[in-house]
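Note that UniProt numbering gives residue 57 to position 57 of the sequence shown, counting from 1, and the numbers run on in steps of one.
We treat Cβ as the ideally placed atom computed from N, Cα and C, and that holds for glycine.
Here the structure is a predicted model, which means the values were calculated and not measured.
Remarks on the structure that follows.
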Amino acid sequence: MQSWTCALGKTDIIGWCDAKELLNAELNWYGFREVLHRVYYADRKTYRAAGNAGASLWNFIRNMKKDDYVLIPSIILIFILLKLFPMT
């Protein structure tokens, strides 16, 4: 799945616009994973994919604070880093 920023009121969530329920602060980990499974992985028999996606999203949504930085890798960033720090 591609990531993009999606505005949900005054809060942004990366690439998971159809799962607005993830922003509910009262959700515990299992409820959070259930939302992901229901919205994006309902065709899967297990919760493995929802759990993998949820691990990163949980930290992003629950632990990020205003003015925290997010480093998003891209081909351009990797190219720049390799030029600055050659692996030789």
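Checklist entry - A55 and L36 look like a contact to me (Cβ under 8 Å); what is the Cβ gap, rounded to whole Å? => result Residue mapping note: residue 55 aligns to position 55 of the sequence shown, counting from 1. Residue mapping note: residue 36 aligns to position 36 of the sequence shown, counting from 1. Actually they do not touch by this definition, with Cβ atoms about 10 Å apart.
Checklist entry - Expressed to the nearest angstrom, what Euclidean distance is found between the alpha-carbon atoms of W45 and Y69? => result To locate residue 45, count along the sequence shown from 1; it is residue 45. To locate residue 69, count along the sequence shown from 1; it is residue 69. Inspection of the sequence shows that residue 45 is occupied by Lys rather than by Trp. K45 and Y69: Cα-Cα distance of roughly 36 Å.
Checklist entry - Rounded to a whole number of angstroms, what is the C-alpha to C-alpha distance between F32 and Y40? => result Position 32 of the sequence shown, counted from the start, is the residue given in the question as residue 32. Position 40 of the sequence shown, counted from the start, is the residue given in the question as residue 40. Spanning the two alpha carbons is a distance of roughly 12 Å.
Item to check | Beta-carbon gap between L57 and L22 smaller than 9 Å | outcome: Position 57 of the sequence shown, counted from the first residue, corresponds to residue 57. Position 22 of the sequence shown, counted from the first residue, corresponds to residue 22. The answer is yes: Cβ separation under 9 Å.
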